[in-house]
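**Student:** In our numbering, the protein residues as written are 841 to 1289.
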């Protein structure tokens, strides 16, 4: 697995690169001039618009909204008069619980995303709440060949059913640093965690503890992934959630994390949300912002720059210990079972639309990543080659790099946005030892079983 993605990232992303920018074609609306009887009027002229509401965290202030909202608008425009998706903002810190409540009420949205893979398996799949995409996928060979093998295998269950849309794009997640504050000799990936902290000196990392502590989550993932046995524990946790943190692996990881908190943690981290942490980076208060390639447009947008910050200089890299974060073992888009026929058609049309080659290329240009099974267009290659940060990520990858799933994908989603986030300030300010943090986190995890 590690070898596969390492080679893949080098081969695919080092190809000089660009944007699709292909305009979606409007559906054929040629009018039949044959005089219509009352019977055929009922089917041709009286077709009703099918509308669904999509609750999503990729809306509002979420950075993912920059690409996703216009993508939905493109879909609505192409299917104008036939299909329409209405976006409803669902904040990320409450989204999972909201979907769970809707499922219990038999009111699942027609299409949705939810990050709690164990709940998806134990409740949605076990209780036949999801549409089986197998036959549809088999009927779309050009689409099927774009799916990442590991993702398709993960979404295929013992009965042969495919209960989530497999991934076509993988996005290794790293970090960004300000070269006006730190100037490493080469990639940060070649450093140990002690060397990394020593190198930083008194420079700060844009940590935040609220709403799951996203930036803390990324560093913790990389720390665990760099330790012996860590990648295997994270991968196993995707399907069987981790509930015992009283182990040498986690004690060591929490110890390394606490040292970073105390020496290189941003002073405003406790209680801060992701936008707070990101703004500390854009305002020259912190030297490092861990996050994915989907924020590249934000970094290059001078709107939030302050105190001499220049996003055009920012460098993209991965983590000490030679770790990048990438997880094909997730349930991404899902579709509720037993939908009315018209809503089923809308959902499948949307799934196909977002996986068109031009939409995949547009997504990569906006949020980064690799589509290993897609033959890129020449215009895409040209445009991608002009994107400095995507080129940085390609240059800083290497064949020995370890790719690991996110820590938050390996634990209960309610634990991540709940007590993991609630307890972080205690580890951050030193009022809890790593051992105490592990003990309390274990208690909370087991209470959710």
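Glycine is no exception: its CB is placed at the ideal position from the N, C-alpha and C atoms. All figures in this text were calculated on a predicted structure; none of them were measured in a lab.
Comparing alpha-carbon positions, which option in 986, 1249, 912 and 1053 lies nearest residue 1116?
**Tutor:** Taking the first residue of the chain shown as position 1, residue 1116 is located at position 276. The shortest Cα separation from residue 1116 among 986, 1249, 912 and 1053 belongs to 1053.
**Student:** Roughly how far, in whole angstroms, is the beta-carbon of residue 1112 from the beta-carbon of residue 1049, given that I think they are within contact range, below 8 Å?
**Tutor:** Position 272 of the chain shown, counted from the first residue, corresponds to residue 1112. Position 209 of the chain shown, counted from the first residue, corresponds to residue 1049. That belief holds up - the Cβ atoms of residue 1112 and residue 1049 are roughly 7 Å apart, short of 8 Å.
**Student:** Could you pull the start and end residues of the alpha helix (DSSP H) that residue 1232 belongs to?
**Tutor:** Here residue 1232 corresponds to residue number 392 of the chain shown, with the count starting at 1. 1228-1236 is the span of the alpha helix (DSSP H), which, as asked, contains residue 1232.
**Student:** So, using beta-carbon positions, are residue 1128 and residue 1063 closer together than 8 Å?
**Tutor:** Along the chain shown, read from residue 1 onward, the residue named residue 1128 stands at position 288. Along the chain shown, read from residue 1 onward, the residue named residue 1063 stands at position 223. Going by C-beta atoms, residue 1128 is not nearer than 8 Å to residue 1063.
**Student:** Considering only C-alpha positions, which residue in the set 1273, 1259, 888 and 1265 is nearest to residue 1284?
**Tutor:** Along the chain shown, one-based indexing puts residue 1284 at 444. With distances taken between Cα atoms, residue 1284 lies closest to 1259.
**Student:** I need the straight-line Cα distance from residue 1205 to residue 1272, nearest angstrom please.
**Tutor:** Counting from 1 along the chain shown, the entry for residue 1205 is found at position 365. Counting from 1 along the chain shown, the entry for residue 1272 is found at position 432. Going from the Cα of residue 1205 to the Cα of residue 1272 covers about 42 Å.
**Student:** How many angstroms separate the CA atom of residue 1291 from the CA atom of residue 895?
**Tutor:** No answer is possible for residue 1291: the residues shown for the chain start at 841 and end at 1289.
**Student:** With a CB to CB cut of under 8 Å and the five nearest residues on each side skipped, what residues in its chain are close to residue 1289?
**Tutor:** One-based indexing of the chain shown puts residue 1289 at position 449. These residues qualify, in order along the chain: 1083.
**Student:** Using 10 angstroms around the beta-carbon of residue 1027, count the other beta-carbons present and answer buried if the total reaches 16, otherwise exposed.
**Tutor:** For the purposes of this step, residue 1027 is taken as the residue at position 187 of the chain shown. With 16 or more other Cβ atoms within 10 Å, it is buried.
**Student:** Does DSSP classify residue 1113 as helix, strand or coil?
**Tutor:** Residue mapping note: residue 1113 aligns to position 273 of the chain shown, counting from 1. Reduced to three states, the DSSP call for residue 1113 is coil.
**Student:** Do the CB positions of residue 1057 and residue 1246 come within less than 8 Å of each other?
**Tutor:** Residue mapping note: residue 1057 aligns to position 217 of the chain shown, counting from 1. Residue mapping note: residue 1246 aligns to position 406 of the chain shown, counting from 1. It is a contact, given that the beta carbons lie within the stated cut-off.
**Student:** Distance check for residue 1185 and residue 1178, CA to CA, integer angstroms please.
**Tutor:** On the chain shown, residue 1178 is found 338 positions in, with the first residue counted as 1. On the chain shown, residue 1185 is found 345 positions in, with the first residue counted as 1. So the two alpha carbons sit approximately 12 Å from each other.
**Student:** Skipping 5 residues on each side, what residues in its chain have a beta carbon closer than 7 Å to that of residue 903?
**Tutor:** Taking the first residue of the chain shown as position 1, residue 903 is located at position 63. Once the five neighbours on either side are set aside, the close Cβ partners of residue 903 are 1134, 1135 and 1138.
**Student:** Does residue 977 pass the burial test, meaning 16 or more other C-beta atoms within 10 Å, or should it be called exposed?
**Tutor:** Locating residue 977 in the chain shown gives position 137, counting from the first residue. The residue is buried, with at least 16 neighbouring Cβ atoms inside 10 Å.
**Student:** What separation, rounded to the nearest whole angstrom, lies between the Cα atoms of residue 999 and residue 992?
**Tutor:** To locate residue 999, count along the chain shown from 1; it is residue 159. To locate residue 992, count along the chain shown from 1; it is residue 152. Approximately 14 Å between the Cα atoms of the pair.
**Student:** Leaving out five residues before and five after residue 1059 in sequence, what residues of the same chain have Cβ atoms less than 8 Å from its Cβ?
**Tutor:** Residue mapping note: residue 1059 aligns to position 219 of the chain shown, counting from 1. Cβ neighbours of residue 1059 beyond the five flanking positions: 1045, 1047, 1097, 1100, 1130 and 1159.
**Student:** How is residue 1142 classed by DSSP in three states: helix, strand or coil?
**Tutor:** Locating residue 1142 in the chain shown gives position 302, where the first residue counts as 1. The answer is helix: DSSP assigns residue 1142 an H, G or I state.
**Student:** Which residue or residues does DSSP assign as beta-bridge partners of residue 1173?
**Tutor:** Looking up residue 1173 in the chain shown gives position 333. Answer is 953.
**Student:** DSSP three-state call for residue 1258: helix, strand or coil?
**Tutor:** As a position in the chain shown, residue 1258 is number 418, starting the count at 1. Helix at residue 1258.
**Student:** Considering just the uninterrupted stretch of the alpha helix (DSSP H) at residue 1277, what are its terminal residues?
**Tutor:** Walking along the chain shown from the start, residue 1277 turns up at place 437. From DSSP, the alpha helix (DSSP H) with residue 1277 extends over 1274-1287.
**Student:** DSSP state of residue 912, grouped into three classes?
**Tutor:** In the chain shown, counting from the first residue as 1, residue 912 sits at position 72. Note: residue 912 maps to helix in three-state DSSP.
**Student:** Under 7 Å from any heavy atom of the ligand PLP, does the C-beta of residue 1059 make it?
**Tutor:** Looking at this structure, you won't find the ligand PLP or any other ligand, since it has none at all.
**Student:** Using only the alpha-carbon positions, how far apart do residue 1203 and residue 1030 sit?
**Tutor:** Translated into positions along the chain shown, residue 1203 becomes position 363. Translated into positions along the chain shown, residue 1030 becomes position 190. Residue 1203 and residue 1030: Cα-Cα distance of roughly 30 Å.
**Student:** Spatial neighbours of residue 1213 within its chain, please: CB distance less than 8 Å, with the 5 preceding and 5 following residues excluded, ordered by chain position.
**Tutor:** For the purposes of this step, residue 1213 is identified with residue 373 of the chain shown, where counting begins at 1. Cβ neighbours of residue 1213 beyond the five flanking positions: 985, 986, 987, 988 and 1008.
**Student:** Beta-carbon separation of residue 1089 and residue 1067 under 8 Å?
**Tutor:** Translated into the one-based positions of the chain shown, residue 1089 becomes position 249. Translated into the one-based positions of the chain shown, residue 1067 becomes position 227. Yes.
**Student:** Return the chain-ordered ranges of every alpha helix (DSSP H) run that is complete within the segment 970-1055 and spans a minimum of 4 residues.
**Tutor:** Complete alpha helix (DSSP H) runs here, min 4: 974-978, 981-984, 989-995 and 1033-1040.
**Student:** Under the three-state reduction of DSSP, which class applies to residue 901: helix, strand or coil?
**Tutor:** The residue given as residue 901 occupies position 61 in the chain shown. Residue 901: coil per DSSP, three-state reduction.
**Student:** Applying the 10 Å Cβ sphere with the 16-neighbour rule, what's the burial state of residue 931?
**Tutor:** Locating residue 931 in the chain shown gives position 91, counting from the first residue. It is exposed - the Cβ of residue 931 has fewer than 16 other Cβ atoms within 10 Å.
**Student:** Look at the alpha carbon of residue 1011 and the alpha carbon of residue 1234, and state the distance between them as a whole number of angstroms.
**Tutor:** Reading the chain shown from its first residue, position 171 is the one you call residue 1011. Reading the chain shown from its first residue, position 394 is the one you call residue 1234. Answer to the nearest angstrom: the Cα atoms are 12 Å apart.
**Student:** Taking the continuous beta strand (DSSP E) assigned at residue 968, which residues delimit it?
**Tutor:** Locating residue 968 in the chain shown gives position 128, where the first residue counts as 1. Taken as a continuous stretch (DSSP letters only), residue 968 belongs to no beta strand (DSSP E), as it is neither H nor E.
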